[in-house]
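S.K.: Quick one: the structure is below, and I'll ask about it shortly.
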Amino acid sequence: MNRADFIIYWGGNPADCHPRHFTKYTLTPKGKHVPMGRKGRTMVLVDVRETPSVRAADIFLQVRPGKDFEVITTLRALVKNQPVDQARVAETGLTLAQLQDLVGRMKNARFGVIFFGMGLSMTRGKHMNSAAVLALVAELNAFTKFVCMPMRGHGNVTGADVVMRWTTGFPFGVNLCRGYPRFNPGEFSTVDLLVRGDNDAALILGADPGATMPQPAIDHLARIPTIVLDPKVTRTSRLARVHITTAAMGISAPGTVYRMDEIPLPLRPILQSPYPTDEVVIRRIHEQVKAKPAWLPASFKKVPCA
Amino acid sequence: MLRITGGRVYDPANGIHGEVKDVCISDGRIVAEVEGTGVRTIDASGMVVFPGGVDVHTHVAGAALNFARAMTPENQREAVKFIHSPELRAGIGGITPTTFATGYLYAGLGYTTVNEAAVPILSARHTHEELRDTPIVDKSCCVLMANNELVLDLLEEGETERAKQVVAWLIWAAKGYGVKAVNPGGVAAWKWGKDAKILSEPVEGYSKVTPAKIIASLAAIVNDLQLPHPLHIHCNNLGAPGNISTTLETMKLLEGYRAHMAHLQFHAYGGDGWNSLRSEAATLAEYFNAHPNLTADAGAILFGNSVTITADGPWQHLLYQLTGHKWGNLDVENETGCGIVPYVYKGSNLVNAVQWAVGLELLLLINDPWRIFLTTDHPNGACFWRYPEIIHLLMDVDFRRERVRKLPAKALKRIVLGDLDREYTLSEIAVITSAGPARALGLSRKGHLGPGADADVAIYNENPDRELMFRYPRYVLKGGQVVVEEGAIRKVVDGREFIVHPSFDENIEEYLRPLFEQYYTMSFDNYPVEMHRVEGADIRECG
Ligand SMILES: [Zn+2]
C-alpha cells in the first residue's frame with residue numbers, strides 16, 4: 022500500500038475472492054511513498070481465463086492452463102539474460118515480447134510485489150509453481166526490491182497455520198499420535214487421512230470439508246463419529262453425528278484473526294449470542310478427556326528434557 | 005516454606021562467592037529465615053546454588069521465529085521431541101523450539117527469565133500470544149523502533165519532543181519493556197532494497213535523518229523516559245568485514261548515555277573482505293573497558309546448525325547470496341522487517357572459525373563480567389540450550405586451547421584466543437548468566453538470592469566437567485516451586501511478563517490517529533495490544 026508501484030496477481034481472482042484487497046491494501050490507497058494512489062501503480066494480472074479482476078488490471082496475460090511453471094521459469098531465465106527457446110515460449114500462450122516487457126517492468130519497479138493465488142499453487146505443478154515464484158522473487162532482489170505473498174483461502178486459515186507452528190513446529194498436516202508432532206503433508210493431511218479411512222473419529226472446527234473435499238473423504242466422515250462446531254448448518258454438520266452450535270467469531274464471539282500477511286487483528290463481538298464460543302466448548306471437552314486416565318503406561322520412562 | 009541447605013552459594017550481587025549457607029524461601033520469595041514446622045528442606049550438599057539464569061537477548065517468540073519454524077521442517081525432524089503427558093505439552097526442541105518446549109528447555113537449563121529482543125509493534129499481539137504459551141520462565145520484550153517511520157519522520161522534522169511522546173506511546177501500545185534499535189535506518193532503507201552503511205549519511209528516503217541521529221535520539225529518549233533497560237542496540241553493518249569502525253563510532257555516539265550493545269561478536273571484525281576477515285575483539289574490548297556506560301552480550305557462535313533471524317533484512321539478503329540457501333524476508337509495513345536464512349557454522353571455514361573465536365575473546369577480554377553477558381543471539385549464533393558448551397570453554401583454558409588448535413591454520417593468525425589464559429570462576433559465571441543481565445534489564449527481583457528476590461534458583465551438582473554440570477541442573481526452582489529435578493520437568497508453572505508504562509501526553513493520540521488512518525492497514529483502535537492478552541502482566545510505571 023505504501024510502497025508498491027508494481028503489482029502482479031498470479032492465478033487468483035481477488036475482485037471476487039478477496040474483494041477488499043484492491044481497495045484497502047494494494048491498488049487504490051494513496052500510499053506514503055505512492056502519493057498518486059492507483060495512478061502511481063501498474064497492475065498485471067496473470068491467469069488462465071478472463072475474470073472480473075481483469076477490469077482492474079493494466080496488463081492482462083492469459084497463460085495456457087498448466088503452463089504457469091514454464092512461464093515463471095522463462096521469466097527467471099530472462100531476468101538473468103539467459104537465452105530462451107521461442108517455440109517453448111509459444112506453448113505457454115504468451116509471446117516472448119510480452120515476457121520481455123514484463124521482465125523490463127519488474128526490473129524497473131521501485132518496489133514490486135507478486136500475489137499468487139490457488140490458481141497457481143493448487144494447479145499442475147502445485148508447490149513447484151510456488152517454489153518457482155519464490156525463486157523468481159528472490160532473484161529479482163538483485164535488481165530491485167521485490168516481495169511476494171500467497172493469497173490464502175477463506176476464514177482464519179492463516180491463524181490456524183500460525184498457531185500450529187508455534188505449538189507443534191509445523192503449519193499443517195501434523196500427526197500427534199505418537200505423543201509428539203510429526204509432519205508429512207500428503208500422509209497426515211486431513212484429506213489423505215479421510216480418504217484412507219485412517220481416523221476413527223473427527224472433530225471439525227471452523228471448516229466445511231463436506232462441501233469441498235473429495236467424495237471418499239466425505240463418505241468416511243459420514244461413517245465415523247463426526248462432531249462439528251459451527252454457528253450455522255453446513256454440508257458437514259448435516260452428515261455429522263453431533264453438531265454443536267457455537268457463537269459466530271467476530272459477530273458474537275471475541276477472538277483473533279490472522280491476516281494473510283500474518284498480522285493478527287482482534288475481533289470484537291457486536292452481538293450477544295445464546296450459544297457458547299468454540300473456545301468454551303473445546304475447553305469443556307478437554308476437561309472431560311483430561312479426567313480420563315493417561316494413555317501412557319505407568320512404566321513409561323520420561324525422556325530427560327535438556 | 006523451603007530451606008536449601010548445605011550448598012555452596014554463588015550470589016555475586018550480594019557479595020557471596022561460594023560460601024556454604026542456607027537459602028530460605030517463603031511465598032515465592034527469598035527470605036532471611038524460615039521457622040516452624042512445615043518447612044521442606046532440600047539438601048544441596050556437594051552442590052552449588054545459583055540465582056536462576058537471565059537471558060538478556062534471545063529470540064523465542066513472534067512472527068519471525070514462527071516463520072523460521074515453517075521454513076525448516078528438516079530441522080524439526082531431527083530435533084528432540086517432547087512427548088505429551090498429563091503435565092507436559094507435546095513439542096519439538098531443536099534450533100527453533102516450539103513455545104512450550106522453549107519454556108521446558110530454558111527451565112531445564114536453570115534459566116528462569118528471558119528477554120525477547122526483537123518485537124515489531126504491528127505484530128506484538130502475536131508475540132504476546134506465543135509468550136503466553138511459553139511456560140515457567142518470566143519474560144520481557146524489546147520493541148523495534150529505529151526504523152519506525154512515525155519516529156523517523158519526526159526526527160526528520162526535528163520534532164524530538166513529539167518523537168519521545170510517540171516512542172512512549174508505542175512502547176505502551178506494544179506492551180513492551182525496552183527499546184531495541186536494529187541496524188538504525190538500514191531496515192527502512194531495505195524497503196527500497198538499500199542499506200545504511202555509513203552512520204553520517206542520510207537514510208534512503210530522508211534528507212536529515214542519519215543512522216547517527218537515530219542512535220543518539222533514541223538513546224536520549226530512552227534515558228528521558230527512565231526505562232529500566234537502556235537502549236538495546238544492534239549496530240549497523242552486522243557481520244560485515246571491517247565493521248569494527250562502525251561499532252566504535254556507534255559507541256562514541258552513545259557516550260553520556262547508558263546503552264546495551266547486542267551480540268557484540270557480530271560487530272567486532274577487521275579486514276576489508278571475507279578473505280581478510282580478522283578479529284578486532286581486542287580493539288573493541290579496549291574501548292569498551294574504558295566506557296562503563298555500556299553493557300553488552302556476547303552473541304557467541306558455536307559450530308553446527310543454526311537459523312539466522314534478524315530484523316536486519318539487508319544483511320540477510322547478503323547471506324542468502326553468499327550461501328545460496330533458503331531465504332525468507334518479511335517487511336513489516338512502516339515499522340521494521342526481517343530476514344531468515346538457515347546457516348551452518350563450520351569449524352573448517354575460515355570466517356566461521358574467526359567468528360567462533362571473537363565471541364569467546366570478547367567474553368575473556370572484557371574484564372568486568374557485570375558488563376558482558378552470555379548469549380548466542382539464539383538461534384542466530386547457536387541455540388540457547390548450548391550455553392553450557394560456552395561455559396566449559398570459558399572455565400577451562402586447556403580445553404579451550406585444544407579447540408583452538410583444531411581451527412584452520414590460517415585462522416590462528418587472525419585471532420588472539422590462543423594467547424588468552426583467563427579462566428572464569430563460578431562466581432563470574434553466575435554474573436554473566438544471571439546477576440549481570442538482571443541488573444542490565446533493571447529487574448531488581450531477578451539475578452540474586454537476597455531477601456525479597458523472586459525465589460528463582462538453579463542448583464547444580466558440583467562437577468569438574470563444567471558442560472555436564474551446567475547442562476543438567478539437579479534442581480531448578482521458579483517462584484519457590486521445584487520445576488526441574490534431575491533433568492526432568494516436575495511441575496509447570498506460568499511465567500509472568502514484565503512491561504513498562506512510560507508516561508506520555510495522552511494528546512499524542514490525536515496526532516497519531518490521522519497518520520494511522522492514512523498509512524496503516526490496521527485501524528488505530530486495533531493497534532494497541534489489549535492488556536488481557538499479556539499473561540501475568542507485571543507493570544512498571546516510568547518517568
Ligand atoms: Zn538478536
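Heads up: the sequence lines are chains Z and D, in that order. Everything in the first sequence is counted per my numbering, starting at 22 for the first residue and increasing by one. Everything in the second sequence is counted per my numbering, starting at 5 for the first residue and increasing by one. Ideal Cβ placement from N, Cα and C applies to all residues, glycine included.
(1) Can you tell me which of Z:LEU224, Z:ILE284, Z:LYS128 puts its alpha carbon nearest to the alpha carbon of Z:ASN102?
(2) So is the beta-carbon of D:ASN384 under 7 Å away from any non-hydrogen atom of ligand 1?
(3) List the whole-angstrom C-beta distance separating D:GLU501 from D:GLY540, where the pair is believed to meet the contact cut-off of C-beta under 8 Å.
(4) Could you tell me which uninterrupted alpha helix (DSSP H) segments, each at least 4 residues in length, are contained entirely in the region 248-322 of chain Z, listed from first to last along the chain?
(5) So, is D:GLN169 buried or exposed, given that buried needs 16 or more other C-beta atoms within 10 angstroms?
(6) Contact defined as beta carbons within less than 8 Å: I believe D:LEU229 pairs with D:GLY547. What is the distance between those atoms, to the nearest angstrom?
(7) Taking the straight line between their C-alpha atoms, what separation do you get for D:GLY22 and D:ASN227?
(8) Measuring only between beta-carbons, confirm whether Z:TYR201 sits less than 8 Å from chain D.
(9) Tell me whether D:ASP381 counts as near ligand 1, meaning its Cβ is closer than 7 Å to at least one heavy atom of that ligand.
(10) Is it the case that the Cβ atoms of D:LEU453 and D:VAL52 are separated by a distance below 8 Å?
(11) When every heavy atom of ligand 2 is checked, does at least one fall within less than 7 Å of the C-beta of D:HIS61?
(12) Could you round the C-beta distance between Z:PRO202 and Z:PHE191 to whole angstroms and report it? I think they count as a contact, below 8 Å.
(13) From what residue to what residue does the beta strand (DSSP E) around D:VAL35 run?
(14) I'd like to know whether the C-beta of D:ARG129 is nearer than 8 Å to at least one C-beta of chain Z.
(15) Please determine whether the Cβ atom of D:HIS267 lies at a distance below 7 Å from any heavy atom of ligand 1.
(16) Which residues, in order along the region 187-218 of chain Z, keep a beta-carbon less than 8 Å from a beta-carbon of chain D?
(17) To which residues does DSSP link D:CYS28 through a beta bridge?
(18) I need the straight-line Cα distance from D:ALA111 to Z:VAL310, nearest angstrom please.
(19) If distances are taken between C-alpha atoms only, which option among Z:VAL249, Z:ARG97, Z:ASN177 comes closest to Z:GLY125?
(20) Could you check whether the Cβ of Z:PRO35 sits closer than 8 Å to any Cβ belonging to chain D?
(21) If you measure from the beta carbon of Z:PRO56 to each beta carbon in chain D, is any gap under 8 Å?
(22) Report the residue from Z:LYS253, Z:ASP68, Z:ALA130 whose alpha carbon sits nearest the alpha carbon of Z:VAL84.
(23) At least one CB of chain D closer than 8 Å to the CB of Z:PRO287: is that the case?
(24) Under 8 Å between the Cβ atoms of D:ILE512 and D:TRP173?
(25) Which value, in whole angstroms, describes the spacing of the CA atoms of D:ASN297 and D:PRO234?
(26) Whose CA, out of D:SER127, D:GLU153, D:LEU231, lies closest to the CA of D:PHE508?
(27) In this structure, how does DSSP classify D:SER283 when only helix, strand and coil are distinguished?
(28) What is the DSSP secondary structure of D:CYS387, reduced to helix, strand or coil?
(29) Who does D:VAL461 pair with in a DSSP beta bridge?
(30) Mapping DSSP to helix, strand and coil, what is D:PRO392?
(31) Could you tell me if D:GLU134 is buried or exposed, where buried requires 16 or more neighbouring beta carbons within 10 angstroms of its beta carbon?
(32) For Z:GLU412, go through chain D and note every residue whose CB falls closer than 9 Å to its CB, in chain order.
(33) Under 6 Å Cβ to Cβ from D:ALA244, same chain only, skipping five residues before and after it: list those, please.
(34) So what's D:ALA263 in DSSP terms, helix, strand or just coil?
(35) DSSP three-state call for Z:ALA327: helix, strand or coil?
(36) What are the residues of the region 68-101 of chain Z that lie near chain D, defined by any Cβ-Cβ distance shorter than 9 Å?
M.R.: Quick answer:
(1) Z:LYS128
(2) yes
(3) About 6 Å separates the beta carbon of D:GLU501 from that of D:GLY540, a gap short enough to meet the 8 Å contact definition.
(4) 256-260, 299-311
(5) Classification for D:GLN169: buried.
(6) Going by Cβ atoms, the distance from D:LEU229 to D:GLY547 rounds to 5 Å, so yes, they are a contact pair.
(7) 36 Å
(8) Yes, contact with chain D.
(9) yes
(10) no
(11) Inclusion of ligand 2 in the displayed structure is not the case, the ligand content consisting of ligand 1 alone.
(12) About 6 Å separates the two Cβ atoms, so the contact holds.
(13) DSSP places D:VAL35 in the uninterrupted beta strand (DSSP E) bounded by 33-35.
(14) Under the Cβ criterion of 8 Å, D:ARG129 is counted among the residues facing chain Z.
(15) yes
(16) TRP187, THR188, THR189, GLY190, PHE191, PRO192, LEU197, ARG199, GLY200, TYR201, PRO202, PHE204
(17) Answer is D:ARG7, D:VAL35, bridged to D:CYS28.
(18) 28 Å
(19) Z:ARG97
(20) no
(21) no
(22) Z:ASP68
(23) Yes, Z:PRO287 counts as interfacial toward chain D.
(24) yes
(25) 10 Å
(26) D:LEU231
(27) strand
(28) coil
(29) D:PRO55, D:LEU481
(30) helix
(31) buried
(32) Any property of residue 412 of chain Z remains undetermined from this structure, which presents chain Z solely from 22 to 327.
(33) none
(34) It is a strand residue.
(35) Confidence at Z:ALA327 is low in this model, with a pLDDT of 46, below 50, so its placement is unreliable and the value that follows should be read with caution. The answer is coil: DSSP assigns Z:ALA327 none of H, G, I, E or B.
(36) none
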